[in-house]
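See below for the structure under consideration.
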Amino acid sequence: MSIRADTRNALDYAYVSLSKDVIAQPRADILQALRKTILESQQDIRALWRTHAGLDKTCRLSFGMETQREAQEMSLKLNEWLEKKGYRHMSKFVSSPAGSWRITYDFFNPSDVEAILVSPPVIAGCTFYPNRPCFIIPSYGYQIAILGCWDWQSARVTLDKFIRDYVTRDNELDPVVHSHMELGGDVYTAVLRDWASAMTVADGFDDLKD
1 MSIRADTRNA
11 LDYAYVSLSK
21 DVIAQPRADI
31 LQALRKTILE
41 SQQDIRALWR
51 THAGLDKTCR
61 LSFGMETQRE
71 AQEMSLKLNE
81 WLEKKGYRHM
91 SKFVSSPAGS
101 WRITYDFFNP
111 SDVEAILVSP
121 PVIAGCTFYP
131 NRPCFIIPSY
141 GYQIAILGCW
151 DWQSARVTLD
161 KFIRDYVTRD
171 NELDPVVHSH
181 MELGGDVYTA
191 VLRDWASAMT
201 VADGFDDLKD
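Sequential numbering from 1 applies to the sequence shown in the numbering used here.
Encoded structure:
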């Protein structure tokens with residue numbers, strides 16, 4: 001088992017994974033047992049399945065700005081507003097992806113993120129509405145997601161059937177443990193029975209498109 005955190009910045013989280021040298025293929029059951037142990041023994045620690053590659057973005061908010069100068073000036077004012085509210089952040093940076101300037105914060109407490117979304121900062125009579133990255137927190141390790149289901153009627157029923165027909169199992173157990181729609185119906189997500197079932201569906205994506 002290995003624990004890996006960001007090596008450049010002091011953050012409050014780390015990723016836990018199983019070493020390939022010890023276990024040949026992913027074992028969600030072992031990690032789920034560890035997650036349960038952490039939740040039961042450490043009440044002040046969040047233990048979630050990883051949402052995506054790279055840095056954690058589940059507690060990230062960004063504020064769009066018109067210019068670099070505005071971003072630099074508002075950065076100080078936003079810092080003051082957050083400090084008065086008691087919203088602690090672990091990192092902050094100003095960037096311009098695709099030419100659009102923004103101030104991005106990574107917060108310690110997820111409840112602070114929700115509070116800011118409900119009551120965004122008002123500075124000099126202007127309300128600054130934050131943007132939050134889109135993500136889905138997995139409920140288990142053997143979980144797959146299919147995007148682009150927004151205008152697809154009965155997507156869940158259709159995809160459940162596709163997976164059940166596509167994945168053959170010797171024990172005849174249903175490969176779909178649980179499924180539901182996320183992000184307003186745009187994403188179908190399903191927890192599958194095991195790693196082999198998940199890989200079969202992932203490798204068969206071209207068949208699904210047909």
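Don't be surprised by glycine CBs; every beta carbon is placed ideally from N, CA and C.
| said: Once DSSP output is grouped into helix, strand and coil, what is the label at P120? | reply: Here residue 120 refers to the residue found at position 120 of the sequence shown. The answer is coil: DSSP assigns P120 none of H, G, I, E or B.
| query | If you draw a straight line from the alpha carbon of A198 to that of T127, how long is it in whole angstroms? | reply | Your numbering for residue 198 matches position 198 in the sequence shown. Your numbering for residue 127 matches position 127 in the sequence shown. The alpha-carbon atoms of A198 and T127 are separated by roughly 44 Å.
| task | Could you check how far apart the C-beta atoms of N131 and L61 are, in whole angstroms? I think they sit under 8 Å. | result | Position 131 of the sequence shown holds residue 131. Position 61 of the sequence shown holds residue 61. Yes, they are in contact, since the Cβ atoms of N131 and L61 sit about 7 Å apart, within 8 Å.
| task | Can you say whether Q68 is buried or exposed, counting buried as having 16 or more other CB atoms within 10 angstroms of its CB? | result | Numbered from 1 along the sequence shown, position 68 holds the residue referred to as residue 68. Under this definition Q68 is an exposed residue.
| query | Which one of K36, T158, I146, M74 has the shortest CA to CA distance from R102? | reply | Within the sequence shown, residue 102 is the residue found at index 102, counting from 1. Of the listed residues, the one whose Cα sits closest to R102 is M74.
| task | Identify, in the order they occur along the chain, each residue of the same chain with its Cβ nearer than 8 Å to the Cβ of S139, setting aside the five sequence neighbours on each side. | result | In the sequence shown, residue 139 corresponds to position 139, counting from 1. Answer for S139: W49, H178, V191, listed in chain order.
| field | Assigned secondary structure, K20 (DSSP; H/G/I helix, E/B strand, else coil) | value | Residue numbering aside, residue 20 sits at position 20 when the sequence shown is read from its first letter. In the structure shown, K20 sits in coil (DSSP, three-state: anything other than H, G, I, E or B).
| message | Assess contact between the stretch 151-163 and the stretch 109-116, defined as three or more Cβ pairs (one per stretch) separated by less than 8 Å. Is contact present? | response | no
| message | Between the alpha carbons of A155 and D165, how many angstroms are there, rounded? | response | In the sequence shown, counting from the first residue as 1, residue 155 sits at position 155. In the sequence shown, counting from the first residue as 1, residue 165 sits at position 165. Those two C-alpha atoms are separated by around 15 Å.
| task | Would you check if there are 3 or more beta carbon pairs closer than 8 Å linking the stretch 168-188 to the stretch 138-152? | result | yes
| request: Decide if V167 is buried, meaning its Cβ has at least 16 other Cβ atoms within 10 Å, or exposed. | output: Position 167 of the sequence shown, counted from the first residue, corresponds to residue 167. So V167 ends up on the buried side.
| said: With a threshold of 6 Å on Cβ separation, who are the neighbours of K200 within its own chain once the five nearest residues in sequence on each side are excluded? | reply: Start at 1 with the first residue of the sequence shown, and residue 200 comes out as number 200. Strictly speaking, residue 200 in this sequence is Thr, with Lys absent from that position. Counting only Cβ-Cβ distances below 6 Å, and skipping sequence neighbours, we find V167.
| message | To the nearest angstrom, how far is the alpha carbon of E40 from that of G125? | response | Along the sequence shown, one-based indexing puts residue 40 at 40. Along the sequence shown, one-based indexing puts residue 125 at 125. Approximately 45 Å, taken between the alpha carbons.
| query | Start and end of the alpha helix (DSSP H) containing A196? | reply | Indexing the sequence shown from 1 puts residue 196 at position 196. Note, A196: alpha helix (DSSP H), 195-203.
| Top-ranked residue by Cα proximity to C149, from P133, E182, Y129, C134 | Against the sequence shown, residue 149 aligns to sequence position 149. Per the Cα distances, E182.
| From which residue to which residue does the beta strand (DSSP E) around T104 run? | As a first step, residue 104 is located in the sequence shown; it is residue number 104 there, counting from the start. Element bounds for T104: 101-107.
| query | For I137, does the count of other Cβ atoms within 10 angstroms reach 16, so buried, or fall short, so exposed? | reply | Along the sequence shown, one-based indexing puts residue 137 at 137. Looking at its Cβ environment, which holds fewer than 16 other Cβ atoms inside 10 Å, I137 is exposed.
| said: Classify P175: buried if its beta carbon has 16 or more other beta carbons within 10 angstroms, exposed otherwise. | reply: Looking up residue 175 in the sequence shown gives position 175. The residue in question, P175, is buried, as its Cβ has 16 or more Cβ neighbours within 10 Å.
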